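Chains Z and X, in that order, give the protein sequences. According to my numbering, the residues represented by the first sequence are 7 to 619, in order. According to my numbering, the residues represented by the second sequence are 7 to 619, in order. Built from N, CA and C at the ideal position, the CB exists for glycine as well. Please read all numbers here as calculations on a predicted model, not as lab measurements. This report refers to the structure that appears directly beneath it.
2 protein chains.
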Amino acid sequence: MIRVKFLPSNKMVEVPAGTTILQAAIAAGVQVESTCGGKGTCGKCLVQLSPEKLSPPSPVEKKFLSQAQLSAGWVLACQRMLQEDTVVNLREQKDAYDRKIGFNPVVEQTSVTPSVRKYLVSLPKPSTEEQTPDWERLLSALDRPGIRFSRPVAAYLPRVLRRSNFQVTAVLDGDTLLAVEPGDTLGRCYGLAVDIGTTTVVVYLLDLNKGTVVASGAVTNPQNAFGADVIARITHAASGPEGLHQLQEKVVGGLNDVIARLCHEHDVRPEEIYQAVVVGNTTMSHLFLGIDPTYLAPAPFIPVFRQAVEVEARELGLNILATGKVIVLPNVAGYVGSDTVGVMLAAGVDRLRGINLIIDIGTNGEIVLVGRGRILTCSTAAGPAFEGAEIKYGMRAAEGAIEGVRISADVELDVIAGGKPRGICGSGLIDAIAEMYKAGVLDSSGRLASADAQLQKLPPLVRKRLRKEGRGMEFVLVWGTDSATGEDIVLTQKDVRELQLAKGAIMAGARILLREMGVGPEDIDQVLLAGAFGNFIKKESALGIGLLPPVPLQRIVAIGNAAGDGAKMALLSTVERERAVNLARRAEHIELSNTKEFQQEFVKSLSFSRTGK
Amino acid sequence: MIRVKFLPSNKMVEVPAGTTILQAAIAAGVQVESTCGGKGTCGKCLVQLSPEKLSPPSPVEKKFLSQAQLSAGWVLACQRMLQEDTVVNLREQKDAYDRKIGFNPVVEQTSVTPSVRKYLVSLPKPSTEEQTPDWERLLSALDRPGIRFSRPVAAYLPRVLRRSNFQVTAVLDGDTLLAVEPGDTLGRCYGLAVDIGTTTVVVYLLDLNKGTVVASGAVTNPQNAFGADVIARITHAASGPEGLHQLQEKVVGGLNDVIARLCHEHDVRPEEIYQAVVVGNTTMSHLFLGIDPTYLAPAPFIPVFRQAVEVEARELGLNILATGKVIVLPNVAGYVGSDTVGVMLAAGVDRLRGINLIIDIGTNGEIVLVGRGRILTCSTAAGPAFEGAEIKYGMRAAEGAIEGVRISADVELDVIAGGKPRGICGSGLIDAIAEMYKAGVLDSSGRLASADAQLQKLPPLVRKRLRKEGRGMEFVLVWGTDSATGEDIVLTQKDVRELQLAKGAIMAGARILLREMGVGPEDIDQVLLAGAFGNFIKKESALGIGLLPPVPLQRIVAIGNAAGDGAKMALLSTVERERAVNLARRAEHIELSNTKEFQQEFVKSLSFSRTGK
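Take a look at the structure:
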């Protein structure tokens, strides 16, 4: 066994010699970015070792790391097997999520009628003349029919009754008695709304009496260690029950960390959180519940369940009241999950007029078309390009990410949290491509300029940024002198192609849905952009590269983290929860891989041009 | 830490120095008889150490052990704190339960309509045209409405479906899907009927297809280590959550041992056992379910619940199918438990004609009086005298126990499994007292003969057996030359008083119920004796000492382990289970401690005489 210490957290772990740094990081519970899950194909899992003792780089490391990086001790965590006690320096990754999530102090549109209710009751005391058992005594004082017996509550009931002189607060969720608390605790009643993203997990702590958000917090989905996208996660789960169990534990562990922090900061005890409403894509829902997602990956993409699921918190290990209900909202299909149902609920699609197109661009791209009394859904393999994966200098929307680009005489950048840039996030990428297209750095087919005629039209400082790289071209966004790492930050021809494939898939999906409904892009009354991403994307840029159908700018509305808002609504109101179930049931899913026209529409949608022709 | 080895099992345990032998035995999971739970008041926890190194006896040991025993190395396990590695020799206690339980191969009177049912189904295979989730696919093939989602089954469903080419056997219990098994397993379907006695736990393995008992097994209730009677157990549970947890674990551990053995011997996998129906007294039901029984002990004797309880096996740690239901039949009151409800069910009290008195003599004495459209119950503090506790040479009905006594010219004995006697069990005790009364060794007030006039009437060999002991008399049943231990086995005046109190309590309870119903002992049409004890008691002796009301001999019927039979019936038939619930609901419980006449009736019932006047 050897010891590994991770800086800056100082977390230690003991592992057998021969363990990779990535595996050790997983064992230690520290976050190392990895989008391929250790296959050596993404080059994202950079960590720094002491350069003195460093053995020569592997071919994979040579491929992904510059000489400067190698000499500074940077290695790929998946490539290094540990043979002795080692100190590993992690890249600083102060996540900017809290800024991005936003903070909605009141969910105003929802009436506060949660299924969790508290009742203060006084019980008559027993005597030899009146020997009613404690459980029946409580039920008769509660006087609400249909309450089922709860072994865990019965287990401690007699002491609570006698300690509080038979005056107690009963916590009910529907016909389930969740808890009996001594004395009067009516004032304290909390719930969680949870949005489990493939990349980020967001938790909202709500006061169920007031209907307000007390606090929110986010954490990188710790399943990330097993790969960035759902396919990598499914592959790990398919490796056997142990893999599935790991993934389930990881995400619950991440949630418990956030819950512990929020509880601590806001003086709430976890046992005062009586319910959690959870949304996520279909894979995340399966993994969170420990349900085998194997057959979601290959065609015909079959999920195990799609209805809403209710389980006790203790069954999942979620650190709220052990008997509290965890409610996972329903899925629509294998790649349209409860997060999309949350979006539909928050957007109120059953009340919208006209034709509305809703796009949630995340690791996948889910599309909902609402109109003519129908709700159509599809999902597109948008790929994780928008979250920075598969892009050479791509990164998540964290400190140091380029989030805005302007090109005139030269390139100007906006960087998250200021400072020197480290890479580029999704909104920055769209901006960069749109500006590059507008400036003539690339043409409508997505080719970077290389012909003299093209180059001559560019301003000199911009022209200088275009250079040959291997068989293609690349565009230098940031010169090494201005970057955080000292390296040039570039967009390669391959990066452009990745974005092109992603946006082509989304547009093609939208077109298929429009066709199914019998309307055209010109009939769209409103485009709603869901997800944190929608808040930060520049609408002009998205229109400029044909990522969105050609509608007037003012008809594009960013609706924020609508998935999380939907979860909040379902937590605060049984009516809204029932609506979510109905929306999922009403939604008609179009499986694009089963649609003859998809390839055709996809090819048509690849071109960078406002009309998306 | 020191090591303790227990012979003859060779079980080893490491414990801190200063641990008593009794605590070490509990830790090692070996059985040491103890009726006081280590308080030093019962003198039952005899174990043998190597005499050479033995330190002087404690005052408690001096009180309970003869000089011969002390010199042979016998000590009391609760009195000896271990300071070094030790070998402990346990008394041989080959239990005779298997003989006593009887073996009923078919529960003939019950129709076989269990709530567990298996269905063989073939599912259509999915395609991109037909992407129904696995769960819905299964439900639609099953075509039974109202089946609730089961996370544990969903978790493994996709693999089972695909491994067995979408042909599976679904196991349903009501509207709960318990399991999905690959291929056709219709032929294998098992259930358990369990009777948790304070002293002995009995398990029946039933074939739910055929309605037959495959096997049965019994084990001493391992909670015994914490005391022989329910009050000792409650006291331990009341000491805190850890105590309650220990008791719950102990009894489940004992059950799991029997289940493992029965499964092994009969080629049944624990996962093929889909349901368990459990009966026990109210305290045992609470402890089995891990529900705090503290307030059952002091007046007003309040249980936490009395209705039937259903929980998943995994919640209790019972080693049958994890999702299988464990159903504890309803209790009537704090001291009339589901075992008595099982007796009522097996006796068919809702179909009996006339006036029927049912007596279940165990650690407590539960009495049911059925007639005039009513079911009356009471429980009497019969005390554990009938199970050998509080009786100087009392023991359970195991090998070496005197179970029959005849007195004419001298004393003649029947001993379980033949061989030399070690002590006397309940049926032997009743027999002994009845014969002693008949022979004039004691009078109707229970006093052992001491006056010359009395002694002169006795045969010489019998007279010789009466001798002074302290301030009272005692009667030598077995001379040391004929006993297994080399000591005299005696019945003391105190032993006679114990039995007198027990039988007085039972008769007084019966009289109170008769009065409540408005009938007299002469109106009784039938006396049913439940429990293994009832099978072995000599009816003449029981009548002879006034333990039973004066009815003609042929009206006394032993109905065997009716509590276990009731559990079997409820397992095999949902109709019977519903009947049990109704019987419990109909039963009117009379709390004797609340009855003015009880003291009066009790005093009247103490006398040894056939009329019980």
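Looking from the CA of residue 337(X), the closest CA among 360(X), 376(X), 385(X) and 287(X) belongs to 287(X). Residues are counted here when their Cβ sits less than 7 Å from a Cβ of chain X; for the region 300 to 318 of chain Z these are 300, 301, 305, 306, 307, 308, 309, 310, 311, 312, 313, 315 and 317, given in chain order. Ranked by Cα distance from residue 371(X), the first of 393(X), 479(X), 478(X) and 361(X) is 393(X). If you draw a straight line from the Cα of residue 446(Z) to the Cα of residue 216(Z), it is about 54 Å long.
The Cβ atoms of residue 368(X) and residue 203(X) lie closer than 8 Å to each other. Around the beta-carbon of residue 169(Z), fewer than 16 other beta-carbon atoms lie within 10 Å, marking it exposed.
By the 16-neighbour rule on beta-carbons within 10 angstroms, residue 140(Z) is buried. When the beta-carbon positions are compared, residue 38(Z) and residue 96(Z) come within less than 8 Å of each other. Excluding the 5 residues flanking it on each side, residue 522(X) has same chain C-beta neighbours closer than 7 Å at 382 and 596, in chain order.
According to the DSSP assignment, residue 525(X) belongs to no alpha helix (DSSP H), since it is labelled neither H nor E. Taking the C-beta atoms as reference points, residue 443(Z) is found nearer than 8 Å to residue 614(Z).
Chain Z places no beta carbon closer than 8 Å to that of residue 462(X), leaving this residue out of the contacts. Note that the region 571 to 585 of chain X touches the region 118 to 138 of chain X; at least 3 beta-carbon pairs, one per stretch, sit closer than 8 Å.
Taking C-beta atoms as the reference points, residue 398(Z) and residue 501(Z) count as a pair closer than 8 Å. Any Cβ of chain Z closer than 8 Å to the Cβ of residue 164(X) would place that residue at the interface, and such an atom is present.
Secondary structure of residue 355(Z) (DSSP, three-state): coil.
Looking at the DSSP output, residue 413(Z) bridges to 417(Z).
In summary, no residue of the region 169 to 202 of chain X has a CB separated from any CB of chain Z by less than 7 Å. From the listed residues 306(X), 403(X), 285(X) and 456(X), the smallest Cα separation to residue 134(Z) is found for 306(X).
Fewer than three beta-carbon pairs drawn from the region 344 to 362 of chain X and the region 262 to 279 of chain X are found closer than 8 Å, and the two stretches are therefore not classed as touching. Around the CB of residue 550(X), 16 or more other CB atoms lie within 10 Å, so the residue is classed as buried. In the DSSP secondary-structure assignment, residue 12(X) is bridged to 17(X) and 94(X). The beta-carbon of residue 129(Z) is placed no less than 8 Å from the nearest beta-carbon of chain X.
For the C-beta of residue 295(X), the chain Z residues within less than 8 Å are, from N- to C-terminus, 157, 160 and 161. Three or more Cβ pairs closer than 8 Å define a contact, and the region 493 to 509 of chain Z meets that threshold against the region 466 to 483 of chain Z. Here the region 466 to 478 of chain X does not lie against the region 396 to 411 of chain X, with fewer than 3 beta-carbon pairs under 8 Å apart.
Taking C-beta separations shorter than 6 Å and ignoring five residues to either side along the sequence, the partners of residue 433(X) in its chain run 409, 542 and 543, following chain order. The C-beta separation of residue 545(X) from residue 562(X) comes to about 5 Å, placing the pair in contact by the 8 Å criterion. In the same chain as residue 323(Z), and ignoring 5 residues on each side of it, the C-beta atoms closer than 6 Å to its own belong to 258, in chain order. Nearest C-alpha to residue 450(X) among 374(X), 375(X), 612(X) and 571(X): 612(X). In the three-state scheme derived from DSSP, where H, G and I count as helix and E and B as strand, residue 192(Z) is classed as coil. Secondary structure at residue 226(X): strand, using DSSP grouped into helix, strand and coil. Annotation: residue 405(X) to residue 420(X) spans about 11 Å, alpha carbon to alpha carbon.
For residue 239(X), the uninterrupted alpha helix (DSSP H) run begins and ends at 236 to 244, by DSSP. Residue 445(Z) sits in a helix when the DSSP states are folded into three classes. Rounded to the nearest whole angstrom, the C-alpha separation of residue 8(X) and residue 89(X) is 7 Å.
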